[in-house]
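Chains as they are written, first to last, in the working numbering: chain F, 1 to 948; chain B, 1 to 146.
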């Protein structure tokens with residue numbers, strides 16, 4: 001594996017994307033600039049690709065790789081083997097011709113910059129698919145081709161058929177893309193890597209895996225939808241609503257070829273087994289026959305070419321399905337030939353459409369005398385499509401016939417394949433003949449709006465180049481396409497050296513043999529069929545063929561819509577209660593399922609369990625009564641708050657009892673602040689809860705049962721956990737707390753040091769919560785609802801300021817403030833070694849401030865403090881963040897902590913850790929967030945306050 | 001009764017009560033429910049570090065630093081911030097409740113007043129209920145922002 005980086009390879013891929021971005025900035029009125037830019041980008045990328053030719057022919061695989069998702073083992077890697085080179089050449093070479101053609105094709109009112117931007121975007125996506133060196137990246141680009149082809153097919157967005165066609169193509173190929181992703185993920189699971197080199201070398205592992213058949217089906221679903229294989233072919237004819245340059249590009253060299261590219265790419269890993277043989281060959285054969293026969297009966301020029309494309313894709317798929325090395329070579333060869341002649345035919349059809357205003361073969365007749373050069377070009381290209389000798393299509397068709405006759409491993413197919421091949425050949429000749437005869441001969445044009453004439457000189461150039469290629473390859477295959485075919489087929493078969501290639505010869509004449517006979521029968525039969533059809537039933541009078549899978553597609557889509565609608569109505573009825581109930585029930589169901597599927601692991605501990613003493617039992621009883629009481633009296637809200645306050649106190653006592661002094665302090669302080677906030681809010685809300693449905697019973701038993709289930713479940717889990725032994729990572733924190741964190745209080749050390757990044761996020765959330773409250777209530781004025789006497793702590797009640805102020809409280813509050821602030825600072829300072837820290841100190845400070853508000857009224861308190869709590873949040877976050885950045889400056893990762901002991905007179909050695917500054921940020925942020933919320937609610941009743 | 005069973009029952013009762021209130025139709029009841037649920041969740045996480053009595057995780061010199069001598073500090077650190085965050089959540093929900101009451105003129109969790117508002121509009125039951133609870137049926141009380 002060559003490890004050198006080929007940045008030029010990355011540039012080859014990036015150029016089209018960069019071009020697309022630049023084109024989006026080009027005005028649509030600059031028609032020439034847009035076309036020149038697109039052409040230049042395509043040619044530059046093509047030239048870059050060609051510089052790799054010597055390496056590719058030297059059995060090297062140029063690569064480029066950068067890390068992308070290292071944790072998933074997925075890199076952004078490109079590799080250029082023979083197959084990728086072939087496809088890259090087709091994509092960029094035919095792409096350049098399509099750009100030239102498109103420049104002349106677009107009408108004056110078609111925005112050229114947008115068109116070429118989409119085209120380059122698509123080109124880049126296709127290049128990505130063929131260059132990707134791992135399967136995840138391949139899928140990403142695969143989906144990009146679906147998206148960009150959607151944009152291209154729907155380019156004429158004012159036309160309904162274009163929009164419909166684009167939507168259908170996206171739905172079908174997008175669905176296939178999802179299947180492919182699933183298949184790729186399974187491959188990754190089986191192989192242990194998404195890397196293409198490893199996957200392609202893991203044939204045995206993959207094919208012995210029980211997951212092989214699902215993998216194969218999923219990957220094939222992706223390939224078949226993209227390559228329009230039966231029964232997913234129906235999107236392709238409808239994609240003909242696209243501008244013809246797009247059809248010429250998508251349906252010759254690119255989009256649909258992505259599917260067969262995938263077959264070729266995955267062949268070394270997934271091919272060479274019965275499942276592959278049967279699925280791929282039968283899908284290919286049905287598509288080949290169906291497409292060829294249906295094509296004869298199309299009246300639309302592009303419709304005929306569309307079904308012909310489906311048929312030829314079927315042929316290529318069938319060749320890969322035949323599962324022999326030589327059939328694979330033939331498949332690769334036909335990919336090249338089909339791309340060349342089909343692109344030229346689409347372009348010819350576009351010229352005819354452009355210069356006559358119609359694509360209907362019932363109108364188009366006798367154009368030979370109006371556009372002889374175009375007619376000649378189309379004639380040669382059709383000959384290639386029909387497989388007439390001296391054109392390139394003949395060679396790959398002969399190879400196909402050879403492979404069809406040597407299928408010997410399967411009795412049934414030994415006869416079926418040659419017959420099917422001959423029939424398809426006959427149909428191919430018939431529709432090719434119709435394309436030429438019906439358009440250029442067969443009487444005079446009927447009801448055309450324009451007088452037909454030759455197109456502008458340079459619009460024909462791409463067709464000429466392609467047709468010349470058809471002939472040169474057809475006559476001198478070994479000297480022209482031979483080497484390219486060889487390297488591409490070698491890469492497809494995943495053979496490291498050219499010498500390992502199976503033997504084949506590229507020449508027109510192989511002697512008199514069965515394939516030649518089949519060709520002759522197909523030729524003669526095709527002409528006969530066409531003549532008979534025109535004579536006996538006159539193809540012009542044939543109506544629409546019976547419906548195709550579009551009907552099924554429409555029914556499918558309609559049903560999905562209906563089901564989705566029903567499901568939405570069932571679950572999304574606009575009732576929050578319904579949603580919450582669904583969430584809770586789902587959570588319970590998931591938990592029950594988990595317990596049922598995975599019975600509890602571990603042994604129940606036999607250790608003697610501590611039993612609760614009388615005091616503990618008593619406190620617990622108080623707690624349970626308080627909690628249940630909250631529910632029972634919840635309609636009387638103020639009473640419920642008292643019960644809830646008791647419940648909160650019992651929670652704090654629980655923390656005390658179970659060795660968590662920091663938690664107990666925090667819980668206690670938060671409890672105070674929460675209750676005050678709730679009482680404040682109750683000033684503006686009804687003091688009672690109305691029953692939910694008038695006249696209904698008071699208890700909702702359904703909810704009660706769900707709630708009990710949730711409670712029993714959670715309690716049961718707690719009990720199960722507590723009765724089992726466990727291993728914890730926490731000894732690490734205990735052991736490193738003093739030596740590395742510089743603090744004895746390991747809870748605080750974890751918060752401000754080990755998990756400081758978490759804490760930074762959490763104080764940011766608290767600060768944001770405060771800001772949200774402030775913004776939600778900004779500028780609102782609400783009357784206090786006074787049906788009950790005002791609650792004691794409510795400091796917004798609508799009474800004279802003096803009437804609700806207690807002098808005693810004011811005196812006490814004034815005295816308490818400095819003391820409380822001192823306590824707060826003390827708790828902040830000691831937090832690293834003893835219970836305390838930024839959170840607790842901040843809450844103490846906030847409570848001290850709230851007391852001033854309660855005692856003096858909000859207006860006076862704010863006037864005397866003039867504190868802008870929003871800024872406190874900002875300073876706090878800044879302090880915490882800067883501490884983290886500080887460690888960057890001295891070369892450590894974000895938030896690395898350091899500490900030193902300073903000797904302070906009277907107090908002694910004081911540890912000053914950088915974490916202290918972080919904790920200062922926590923402190924400020926907690927005060928800011930808490931006070932912001934409280935002050936905003938408190939302000940609501942004061943119309944006099946400033947609306948800052 | 002073992003301590004484990006006792007605390008399990010405690011968490012279960014908190015969770016059940018919280019969920020029942022969460023499913024009520026009035027905003028304030030829902031906030032009460034969420035507060036009880038956050039108690040339950042905080043205790044749940046805290047108890048995952050097992051029950052330790054008299055072993056606060058404050059390192060004392062000479063005492064080996066292991067879980068036999070100290071309570072597990074990690075769940076405590078997680079819960080400490082969680083307590084403060086639940087306050088933030090409660091504050092935001094209360095602000096939403098107040099704002100919603102001002103804008104909609106009722107304190108139902110759904111802006112359209114839920115299924116019962118329609119029922120009430122059609123009948124006089126609302127007034128009866130209100131009288132029964134001694135409430136004046138509130139007119140829309142919110143005023144437009146300045």
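Don't be surprised by glycine CBs; every beta carbon is placed ideally from N, CA and C.
It should be emphasised that the depicted structure is a prediction, and the values quoted were computed from it without experimental measurement.
Could you compute how far the alpha carbon of residue 722 (chain F) sits from the alpha carbon of residue 654 (chain F)? 16 Å
By Cβ distance below 6 Å, which residues in the same chain neighbour residue 1027 (chain F) in space, the five residues on each side in sequence not counted? Nothing can be reported for residue 1027 (chain F): it is not among the residues displayed for chain F, which extend from 1 to 948.
Just to make sure I have the definition right: I need the residues of chain B whose C-beta is within less than 9 Å of the C-beta of residue 558 (chain F). Which are they? Those within 9 Å of residue 558 (chain F) in chain B number zero; the least Cβ separation is about 31 Å.
Can you pull out the residues from the region 736-755 of chain F whose beta carbon lies closer than 7 Å to at least one beta carbon of chain B? 737, 738, 744, 745, 746, 747, 750, 751, 755
Which residues in the same chain have their Cβ closer than 8 Å to the Cβ of residue 357 (chain F), if we skip the five residues on either side of it in sequence? 448, 449, 450
Segments assigned alpha helix (DSSP H), at least 4 residues, entirely inside the region 288-338 of chain F: 301-322
Would the region 193-201 of chain F count as touching the region 229-237 of chain F if we require 3 or more Cβ pairs under 8 Å? The region 193-201 of chain F is not in contact with the region 229-237 of chain F.
Closest to residue 50 (chain B) by CA distance: which of F:857, F:725, F:685 is it? F:725
Have a look at F:661, F:738, F:345 and flag the residue whose alpha-carbon is nearest the alpha-carbon of residue 245 (chain F). F:345
In the region 5-21 of chain B, which residues sit with their C-beta less than 7 Å from some C-beta in chain F, listed in chain order? 5, 6, 7, 8, 9, 10, 11, 12, 13, 14, 15, 16, 17, 19, 20, 21
Does the region 95-108 of chain B come close enough to the region 20-39 of chain B to have 3 or more Cβ pairs within less than 8 Å? yes
Mind pulling the alpha helix (DSSP H) runs of 4 or more residues that sit fully within the region 356-428 of chain F? 372-386, 392-405
Proximity below 8 Å, CB of residue 880 (chain F) to CB of residue 922 (chain F): yes
State the start and end residues of the unbroken beta strand (DSSP E) segment that holds residue 37 (chain F). Counting along the chain, residue 37 (chain F) falls outside any beta strand (DSSP E), though it belongs to the alpha helix (DSSP H) covering 31-51.
Identify, in the order they occur along the chain, each residue of the same chain with its Cβ nearer than 8 Å to the Cβ of residue 18 (chain F), setting aside the five sequence neighbours on each side. 41
Whole-number beta carbon distance between residue 10 (chain B) and residue 620 (chain F), since they are thought to touch under 8 Å: 6 Å
Given residue 213 (chain F), which residues of its chain have a CB within under 8 Å of its CB, disregarding the five upstream and five downstream residues? 275
What does the alpha-carbon distance come out to for the pair residue 859 (chain F) and residue 852 (chain F)? Roughly 11 Å between the two C-alpha positions.
Can you find a C-beta in chain F that's less than 8 Å from the C-beta of residue 142 (chain B)? With a pLDDT of only 40 at residue 142 (chain B), under 50, the local geometry of the prediction cannot be trusted, and the value read off the model is given with reservation. It does; some Cβ of chain F falls within 8 Å.
8 Å is my cut-off, CB to CB: does residue 706 (chain F) come that close to chain B? yes
Start and end of the alpha helix (DSSP H) containing residue 143 (chain F)? 135-153
Using a C-beta cutoff of 8 Å, does residue 723 (chain F) count as contacting chain B? yes
Counting only beta-carbon separations shorter than 8 Å, does residue 66 (chain B) have a partner in chain F? yes
Using the rule of at least 16 other Cβ atoms within 10 Å of the residue's Cβ for burial, across every protein chain shown, is residue 456 (chain F) buried or exposed? exposed
Let me confirm a value: residue 63 (chain F) is counted as buried when at least 16 other C-beta atoms fall within 10 Å, else exposed. Which label applies? In summary, residue 63 (chain F) is buried, with 16 or more beta-carbon neighbours lying within 10 Å of its beta-carbon over all protein chains present.
Check residue 68 (chain F) in the structure and name its three-state DSSP category. strand
Can you pull the chain F neighbours of residue 36 (chain B), defined as C-beta to C-beta under 8 Å? 627, 630, 644, 647
Name the DSSP beta bridge partners of residue 26 (chain B), please? Beta-bridge analysis with DSSP links residue 26 (chain B) to B:108.
What's the C-alpha gap between residue 278 (chain F) and residue 262 (chain F)? 17 Å
With distance defined between alpha-carbon atoms, name the residue in F:510, F:512, F:377 nearest to residue 465 (chain F). F:377
Cβ atoms of residue 74 (chain B) and residue 839 (chain F): under 8 Å apart, would you say? no
Let's test the definition: count the other Cβ atoms within 10 Å of the Cβ of residue 60 (chain B) and tell me whether it reaches 16, buried, or not, exposed. exposed
Would you mind giving the Cβ-Cβ distance between residue 929 (chain F) and residue 766 (chain F), rounded to the nearest angstrom? I have them listed as a contact below 8 Å. Cβ-Cβ separation between residue 929 (chain F) and residue 766 (chain F): approximately 4 Å, consistent with a contact (criterion under 8 Å).
Mind reading off the beta-carbon distance from residue 19 (chain B) to residue 584 (chain F)? Whole number of angstroms is fine, and I expect it under 8 Å. 6 Å
How far does the beta strand (DSSP E) with residue 629 (chain F) in it reach, from first residue to last? Here residue 629 (chain F) belongs to no beta strand (DSSP E); instead the alpha helix (DSSP H) covers 614-632.
Thinking C-beta only, is residue 190 (chain F) closer than 8 Å to residue 209 (chain F)? yes
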